[in-house]
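Comments concern the structure below.
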Amino acid sequence: MRISGLCRRDGDRVESRCWFLAEARWAGLAISLQESAEALGFGAYFVMTAEQKIRQIDEWLTQACNECLKKKDSSRKKGVVWWLEDLERAKRRVRGLRKRCQRIRATPGSRREDQEEAWRGYKEELNIYRRMLADSKRQDWRNYVSEEGNRDPWGGVAKILRSGGKGRGLASLRVGNEYTRTWKDRVNVHLREFFLEDNDVAWRDEVQEWQEEWRECGWEELGWAIARLGNKEAPGLVGFRNEVLRAAWNAVPSYIKEMFDCCLREGCFPTTWKETRVVTLLKAPDKDPSMPRSYRPVSLLNG
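Numbering-wise, the numbering used here comes out as the position in the sequence shown, counting from 1, plus 19.
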């Protein structure tokens with residue numbers, strides 16, 4: 020189970036594997052795949068192992084998506100749209116008054132009247148700052164509802180209202196008489212609860228002999244299977260959506276078919292197809308969020 024990408028430190032930079040399909044240049048994506056395939060040649064591709072062919076197709080798709088699709092930059096934090104210069108100045112005043120209170124209290128022999136006066140000034144400025152925050156958020160929400168709601172009534176505003184306006188994070192989980200403290204501990208609890216431990220059993224190292232001769236994938240059945248891939252499905256760790264996979268089939272069908280034929284010929288189930296992105300969902304609002312069994316894991320496999 021791959022969780023290293025989810026448990027990274029905040030300072031680590033991880034390449035984003037998320038592309039937007041809006042304004043996608045599908046013709047350019049097909050050309051990019053065809054040029055990459057022609058540069059390698061089918062002969063060099065044919066002698067590769069199944070794992071190597073999977074990695075090669077992944078490289079071609081990544082390059083084509085970077086060139087022809089908009090990419091989400093997960094390393095860059097979004098700016099807070101309701102944050103104004105007046106709020107920044109008020110925040111600095113509050114910090115200054117708080118430091119002044121701390122200095123007066125730490126000064127030996129300071130009068131109690133001076134301490135109380137500094138504290139009252141700090142609390143008054145803090146209350147003004149909090150009201151400014153609430154007013155700015157409220158006004159920004161009204162502007163968003165007026166603009167986005169009128170443009171698309173069932174878009175972002177409707178989604179926020181249906182969700183209750185709050186995102187549900189992974190709660191602290193109860194294990195016996197103790198509770199988990201870190202995010203990584205909570206993930207490990209879910210892994211132990213929902214996924215069996217992969218012990219070193221004999222069948223892992225055995226190569227199973229095929230009882231019958233393998234059969235190539237038919238063009239019709241493979242094309243039918245790829246055409247049945249649903250739209251707007253959540254991708255796995257590799258980030259390729261089904262629309263991109265169909266575009267790859269239309270651009271370089273012989274390479275895609277040889278990839279599947281090689282897997283059958285070698286009796287190989289590629290490692291990358293076993294990696295999954297697990298999303299935990301609370302089964303119902305009335306379930307205890309501290310109990311691991313109150314969640315339902317959804318595994319998003321790589322396509």
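Positions of the beta carbon are idealized from the N, C-alpha and C atoms, including for glycine.
* Count the other CB atoms, across all protein chains shown, that sit within 10 Å of the CB of Pro289; report buried if there are 16 or more and exposed otherwise. => It is buried - the Cβ of Pro289 has at least 16 other Cβ atoms within 10 Å.
* To do: Decide yes or no for the touch test of the region 114-124 against the region 157-172: beta carbon pairs closer than 8 Å, at least 3 of them.
  => Judged by Cβ distances under 8 Å, the region 114-124 makes no contact with the region 157-172, as fewer than three pairs qualify.
* Asked: Across which residues does DSSP place Ser318 in a beta bridge pair?
  -> Beta-bridge pairing links Ser318 to Val297.
* To do: To the nearest angstrom, report how far apart Glu136 and Trp102 are at their CA atoms.
  => Pairing Glu136 with Trp102, the inter-Cα distance amounts to about 30 Å.
* Taking only the alpha-carbon atoms, compute the straight-line gap between Ala125 and Glu107 and give it to the nearest angstrom. => If you take the alpha carbons of Ala125 and Glu107, they lie about 27 Å apart.
* With DSSP as the reference, label Phe39 as helix, strand or coil. => In the three-state DSSP reduction, Phe39 falls in the strand class (E or B).
* Asked: For the alpha helix (DSSP H) that Gly140 lies in, which residues bound it at each end?
  -> Its alpha helix (DSSP H) spans residues 131-170.
* Roughly how many angstroms separate the alpha carbons of Glu294 and Val206, rounded to a whole number? -> So the alpha carbons of these two residues sit roughly 16 Å apart.
* State the CB to CB distance for the pair Ser309 and Tyr198, rounded to an integer number of angstroms; the pair is presumed to be in contact (CB under 8 Å). => Contact between Ser309 and Tyr198 is confirmed by a C-beta separation of about 7 Å, below the 8 Å threshold.
* Asked: Going by Cα to Cα distance, which pick from Asp105, Glu132, Gly175 is closest to Asp154?
  -> That would be Asp105, whose Cα lies nearest to the Cα of Asp154.
* To do: Please report the residue range of the alpha helix (DSSP H) in which Cys120 lies.
  => 104-125 is the extent of the alpha helix (DSSP H) around Cys120.
* To do: In angstroms with no decimal places, state the Cα-to-Cα distance between Val226 and Leu283.
  => The predicted model places Val226 with a pLDDT of 44, which falls under 50 and marks its position as unreliable; any figure quoted below should be read in that light. Each residue's alpha carbon lies about 14 Å from the other.
* To do: Tell whether a beta-carbon distance below 8 Å holds between Leu192 and Gly255.
  => No.
* Mapping DSSP to helix, strand and coil, what is Glu252? -> Glu252 falls in the coil class under three-state DSSP.
* To do: Count the other CB atoms, across all protein chains shown, that sit within 10 Å of the CB of Ala267; report buried if there are 16 or more and exposed otherwise.
  => By the neighbour-count rule (16 or more Cβ atoms within 10 Å), Ala267 is buried.
* To do: Mind reading off the beta-carbon distance from Val113 to Glu144? Whole number of angstroms is fine, and I expect it under 8 Å.
  => By a beta-carbon distance limit of 8 Å, Val113 contacts Glu144. Their separation comes to about 5 Å.
* Helix, strand or coil for Lys203, going by three-state DSSP, please let me know. => Here Lys203 sits in helix by DSSP.
* Asked: Candidates Leu152, Ala46, Arg312, Ser273: which alpha carbon is nearest Leu88's?
  -> Selected option, being the one with the closest Cα: Ala46.
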